[in-house]
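Sequential numbering of the sequence shown, starting at 1, is according to UniProt numbering. Just so you know, even glycine gets a beta-carbon here, dropped at the ideal spot from N, CA and C.
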Amino acid sequence: LPFYSSEKERKHGTEQLLNRQKHIIDLAYSTAQKFILEGKPGKAIPAGLQALRFSIRVYGSYSVDVVPAYLVLAEACIDAGCLMQATTYLSQAQWIVLKTPDCSPAVQYKLHRDLGLLYAAKGNLEQSVHHLANDIYLASCAFGPNTIQTAGGYFHMANIFLRQNKMDIVNSLYAEVSKTKAHLIFIS
């Protein structure tokens, strides 16, 4: 940090630094998400690590504001097949969420989604369905039942039941996804 001659300059400099760090968090997080969506989890991990590093620096190690960085890292690791590392990131995120009684459903649904995807990747389909059911419930609480966030939970759960060849449940869940899509098209 540069030398400031007055308290006002020091305060302004500290605010500017904090704003730059928050910008880096947003940029690194969105870059990691972009790489995940493009199917490039190996490139998402370094961006996610930057988001985590700066989130911890700005918010502290046990702040719920650090959870999104852990979740994006877990997603990238799941997609890259690094399930042990994904487990570590999700455990840390879960611990923070459990220690934050007023944690929003918007954060919790994403944690359960990633836990569901992790258990699916590990082949534990029963635990996967459990977490995806929590994902759907929490997404509905946070965003409403006919939203893209909720539909994502239905979609992932349908894929789990598809692996179990339970086609009646699969068709029902995919119908929920289609109904949400139709609802979104109707609104716009």
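By the 10 Å Cβ neighbour count, where 16 or more other Cβ atoms means buried, how is ARG113 classified, buried or exposed?
ARG113 is buried by the Cβ-count criterion.
Can you have a look at LYS11 and say buried or exposed, based on whether 16 or more other CB atoms are within 10 angstroms of its CB?
Burial state of LYS11 is exposed, judged by a 10 Å Cβ sphere holding fewer than 16 other Cβ atoms.
Under the assumption that LEU117 contacts GLN94 (Cβ atoms under 8 angstroms), give the Cβ distance between them as a whole number of angstroms.
Taking a contact as a CB-CB distance under 8 angstroms, the pair LEU117 and GLN94 does not count as one, their CB atoms being some 14 angstroms apart.
Could you tell me which uninterrupted alpha helix (DSSP H) segments, each at least 4 residues in length, are contained entirely in the segment 83-115, listed from first to last along the chain?
Taking only runs of at least 4 residues, the alpha helix (DSSP H) segments lying wholly in the segment 83-115 are 83-98.
Are the CB atoms of TYR109 and LEU90 nearer to each other than 8 angstroms?
Contact flag unset, no.
Secondary structure of TYR154, DSSP reduced to three states
Helix at TYR154.
By Cβ distance below 6 angstroms, which residues in the same chain neighbour GLN149 in space, the five residues on each side in sequence not counted?
Taking C-beta separations shorter than 6 angstroms and ignoring five residues to either side along the sequence, the partners of GLN149 in its chain run ALA139 and PHE143, following chain order.
Touching by the beta-carbon criterion (3+ pairs, under 8 angstroms), the segment 48-61 and the segment 15-35
With a cut-off of 8 angstroms, the segment 15-35 and the segment 48-61 count as touching, because enough Cβ pairs lie within range.
In terms of residue numbering, what span does the alpha helix (DSSP H) encompassing residue 195 cover?
For residue 195 there is no data in the structure shown, the boundaries of the chain being 1 and 188.
Tell whether a beta-carbon distance below 8 angstroms holds between THR147 and THR180.
Taking a C-beta distance under 8 angstroms as the contact criterion, THR147 and THR180 qualify as a contact pair.
With distances taken Cα to Cα, identify the nearest neighbour of ILE136 among GLY81, ALA106, GLN92 and VAL170.
ALA106 is the residue among GLY81, ALA106, GLN92 and VAL170 whose C-alpha sits nearest the C-alpha of ILE136.
Tell whether a beta-carbon distance below 8 angstroms holds between ALA86 and ALA74.
Yes, Cβ-Cβ distance for ALA86 and ALA74 is below 8 angstroms.
So SER128 and ILE160 are in contact, right, with Cβ under 8 angstroms, and what is the actual spacing, rounded?
With 8 angstroms as the limit, SER128 and ILE160 qualify as a contact, their Cβ atoms being about 5 angstroms apart.
Nearest candidate by alpha-carbon position, reference VAL67, set THR14, LEU18, LEU98 and ASN165
Answer by Cα proximity: LEU98.
Rounded to whole angstroms, what's the CA-CA distance from LYS166 to GLY153? Just pull it up for me.
Those two C-alpha atoms are separated by around 17 angstroms.
Note down the Cα distance separating TYR174 from ILE96, rounded to an integer number of angstroms.
Rounded to the nearest whole angstrom, the CA to CA distance from TYR174 to ILE96 is 33 angstroms.
Boundaries (first-last residue) of the alpha helix (DSSP H) holding ASN134
First-last of the alpha helix (DSSP H) with ASN134: 125-143.
Cβ separation of VAL64 and ALA32, assumed to be a contact under 8 angstroms, to the nearest whole Å:
The beta carbons of VAL64 and ALA32 sit about 18 angstroms from each other, so the pair does not count as a contact at 8 angstroms.
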